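S.K.:
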Amino acid sequence: MKVGVLALQGAFAAHVSVVERLGARTVEVRRPEHLADVDALIIPGGESTTLSMGIERSGMIETLRSFVASGAPVLGTCAGAILLAQECLDGRDDQIQITGVDVAIRRNAFGRQVDSFEADVTLVDTGASSIPPVPFPGVFIRAPAFERLGESVEVVGWLGSEAVAIAEGSVVLTTFHPELTTDTRLHALALGI
Ligand code: GLN
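If you're matching positions, the sequence shown starts at 48 in the numbering used here and goes up one per residue.
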């Protein structure tokens, strides 16, 4: 299995090492042709406005949209979740969205005072044996929050009563950074490895 990791900006190197720890190969995706022979894709965290500019500059937006629509496994974390949401609230006017997941997400939803924190995320038992019922260590960095979940969206992880990890079809989105921990369960779930 070959996993593409969008490598324009942000926390992509940590994703590469998680995927390699899980025994899959990785491809750093910087141009449309890099997506040609990958089986799954990760859109990392970072800064969605900067990522959006990089995507525009590299001429990759349509290739990314087709990849997401193809039904291949996709994991979007933090800014990656913002870019994959159908609707981005508090985005910049010129920010482009990959879209594909029927959610609305608000950028920087936790405000200045708590702009970064760690908290236990309760994973939902999806029936996948890879998820034992112990909390996932959630690293939230200027995190966004889901404000609307479409009907076919399933919640995969909760922070109290707030959905912080969701899945729709073959796409998993987290508002936190699973790549910054040693816990590989969400990568395994999202990528099917
Ligand atoms: N606040 C960032 C944004 O709007 C996301 C933060 C992150 O990815 N850690 O893009």
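All residues carry an ideal CB built from backbone N, CA and C; glycine is no exception. Nothing here was measured: the structure is a model prediction, and the numbers come from that model.
(1) Could you name the residues of the same chain whose beta carbon sits closer than 8 Å to that of residue 157, not counting the 5 residues immediately before and after it, in chain order?
(2) Residue range of the beta strand (DSSP E) that residue 218 falls in?
(3) For residue 200 and residue 151, I'd like the C-alpha separation in whole angstroms.
(4) When DSSP labels each residue in this structure, what does residue 231 get in the three-state scheme?
(5) If you draw a straight line from the C-alpha of residue 120 to the C-alpha of residue 114, how long is it?
(6) Using 8 Å as the Cβ pair cut-off and three pairs as the minimum, do the region 202-210 and the region 77-86 touch?
(7) For residue 111, report the span of its alpha helix (DSSP H) as first-last.
(8) How big is the Cα-Cα spacing for residue 220 and residue 77?
M.R.: Taking the coordinates as given:
(1) 164, 187, 189, 190 and 192
(2) Residues 218-221.
(3) 11 Å
(4) coil
(5) 9 Å
(6) With a cut-off of 8 Å on Cβ pairs, the region 202-210 is not in contact with the region 77-86, counting fewer than three such pairs.
(7) 108-116
(8) 21 Å
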